[in-house]
Amino acid sequence: MANSKPSPPKSSRPPLLTTLFALLFTLLTAVGVYFIRIQSVITPFSQNLTNLVEAQKLQDGSCLYTTYTGLEPLDIALTYLVASFAQGPLGLHEAARIQQIHFLLNFFPTVVIMNVEAYRSRNRWGFLSFHAAWATLYQTVGGGVIIPFYHLVYTLLTTKKTYLVSGGAVPPPLGKSLLP
């Protein structure tokens with residue numbers, strides 16, 4: 028009697044290439060964790076930021092508002108955000124300004140990729156379809172961790188040929204709204 032079990036579809040890319048991509052994205056995720064969560068605590072930047080918030084003044088002496096919603100825990104978080112992001116637009120720190128411009132220019136393609144993959148019919152109700160969850164993770168954990176992790180998940184989910192032949196179309200109105 029022959030084995031009636033169908034064989035699983037072969038990978039759409041060589042297993043070695045998938046493994047290399049997976050290792051690369053895992054390494055980038057680990058590097059992101061180090062630089063966002065570990066190194067930032069041991070550098071003077073976080074202490075300088077705390078000093079600004081406690082003094083309620085920016086480097087140029089201008090007042091730093093500390094009440095935004097009336098909810099103290101949320102106001103503290105917002106004050107830290109304002110203290111860290113105000114330095115670039117106010118011209119207080121040239122390197123921060125350049126980094127923020129770089130971030131904004133490179134953030135748009137990331138958002139577009141995540142949205143396009145979320146709306147593909149083959150990703151419906153899959154890990155990639157919940158772009159709001161990915162955005163929440165991006166904001167709370169950090170893009171340096173989440174973006175490589177997202178691509179790791181994408182790499183592992185797209186190894187089968189069945190993924191490539193199943194509905195990859197994006198609804199035309201969505202495509203037009205993302206890329207006018």
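Using my numbering, the letters of the sequence shown correspond one by one to residues 28 to 207. Positions of the beta carbon are idealized from the N, C-alpha and C atoms, including for glycine.
- At the C-beta level, Ala110 and Val138 stay beyond 7 Å of one another.
- Separation of Thr189 and Gly195 (C-alpha to C-alpha, rounded to the nearest whole angstrom) is 11 Å.
- Burial is judged here by how many other beta carbons sit within 10 angstroms of a residue's own beta carbon; Arg151 has fewer than 16 and is exposed.
- Between Leu206 and Val197, the alpha-carbon positions lie close to 12 Å from each other.
- In this structure the region 169-186 touches the region 41-58; the number of beta carbon pairs closer than 8 Å is three or more.
- Less than 7 Å divides the Cβ of Val172 from the Cβ of Ile63.
- Judged by DSSP secondary structure, Asp87 falls outside any alpha helix (DSSP H); it is assigned neither H nor E.
- In terms of Cβ geometry, His120 and Gln114 form a close pair [threshold 7 Å].
- Residues Val197 of the same chain have their beta carbon placed closer than 6 Å to that of Val143, with the five preceding and five following residues left out of the count.
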